[in-house]
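K.L.:
Numbering (our numbering), first residue to last: 94 to 351.
1. Taking C-beta to C-beta, are residue 288 and residue 244 nearer than 7 Å?
2. Helix, strand or coil for residue 229, going by three-state DSSP, please let me know.
3. Throw me the rounded Cβ distance for the residue 210 and residue 349 pair, which I believe falls under 8 Å.
4. Grab me the residues of residue 345's own chain with a C-beta within less than 6 Å of its C-beta, minus the 5 sequence neighbours each way, in chain order.
5. What span of residues does the beta strand (DSSP E) with residue 293 cover, start to end?
6. For residue 198, write down the residues that DSSP places opposite it in a beta bridge.
7. Using the C-alpha atoms, what's the distance from residue 329 back to residue 232?
8. Near residue 113, what residues of its chain come up, given a Cβ to Cβ distance below 8 Å and the 5 sequence neighbours on each side ignored?
9. Give the DSSP-derived three-state secondary structure of residue 131 in the structure shown.
10. Using CA coordinates, which residue listed in 175, 225 and 221 is at the minimum distance from residue 213?
11. If you draw a straight line from the alpha carbon of residue 201 to that of residue 139, how long is it in whole angstroms?
12. Report all residues from its chain with a CB closer than 7 Å to the CB of residue 180; omit the five preceding and five following residues, and keep chain order.
13. Who are the near neighbours of residue 323 in its chain, counting only those whose CB is closer than 8 Å to its CB and skipping five residues on each side?
14. Just curious, the beta strand (DSSP E) that residue 285 is in, first and last residue?
15. Relative to the alpha-carbon of residue 150, which residue among 248, 161, 170 and 314 has its alpha-carbon at the smallest distance?
16. Could you check how far apart the C-beta atoms of residue 246 and residue 343 are, in whole angstroms? I think they sit under 8 Å.
17. Using a threshold of 7 Å, state whether the C-beta atoms of residue 257 and residue 307 are closer than that.
18. Can you look up residue 346 in the DSSP assignment and give me helix, strand or coil?
19. Would DSSP call residue 262 helix, strand or coil?
20. Classify residue 119 as buried or exposed, calling it buried when 16 or more other Cβ atoms lie within 10 Å of its own Cβ.
21. Can you grab the Cα-Cα spacing for the pair residue 236 / residue 261, in whole Å?
22. Got a sec, what are the start and stop residues for the beta strand (DSSP E) residue 243 sits in?
23. List the DSSP bridge partners of residue 321.
24. Kindly give me the distance between the Cβ atoms of residue 167 and residue 136, rounded to whole angstroms, as I take these residues to be in contact under 8 Å.
Structure (structure tokens):
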């Protein structure tokens, strides 16, 4: 049987190709494939643990945070959360320094697909605790935003619940005494919020900065004054978290939840 030169050349190329692939291993994929949104949920973590400086987050033994999560910060800081497969998941949040005095915290959490969660760590580094909150995300049909208030301030003994006032919601021209407004005719935007609790979201004006004032419920002496809220993006949901040491430095940290 005779073959043309073109056929012989083509057969030679095919043979060389087969020889090449038989002698070389295929490159294995090393990228992480995100879970399908229909079978996973979005989770974020806010660190209200006083004096925590080097926290990392693990889910089912796999590290999910590549950067240190310090006190007063949220992970992820550039997104609304990270995806976690639905089902019972094991979380570990710890300081990875060998000499740390911070106690690691481990807990199991049942995750429902297509939901949103915020995990708050709080207390002190020798007694870290956590609270997982299911976020009730409702997207406004107008240009407003949504805001909620979380109370994770630390104190060794029980402290009073708090009322939270908004500068923009104060009636007329407020009178200030000692840097705080007189609240005789004002209504709080968040009322009687206990420690380690989180309110539901409320409608909140977007596009303008605001100032929050935190009072012990039923009193006129502010615990915290002039906590600035940045301009909120329309239709987005935000959390303002009261954290720090009740008898020392305390702040309100505002971050996007959705």
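Ideal Cβ positions, reconstructed from N, Cα and C, are used throughout, including at glycine.
P.N.:
Reading off the structure:
1. yes
2. coil
3. Going by Cβ atoms, the distance from residue 210 to residue 349 rounds to 15 Å, so no, they are not a contact pair.
4. 305, 320, 333 and 335
5. Taken as a continuous stretch (DSSP letters only), residue 293 belongs to no beta strand (DSSP E), as it is neither H nor E.
6. 186
7. 7 Å
8. Here the model assigns residue 113 a pLDDT of 32, short of 50, so the residue's position is not dependable and the matter cannot be decided.
9. helix
10. 225
11. 17 Å
12. 204
13. 302 and 347
14. 283-286
15. 161
16. 6 Å
17. yes
18. strand
19. helix
20. Per-residue confidence for residue 119 stands at a pLDDT of 30, beneath the threshold of 50, marking its modelled position as unreliable; no derived number is given.
21. 17 Å
22. 238-247
23. 304
24. Not confirmed; about 11 Å, so no contact.
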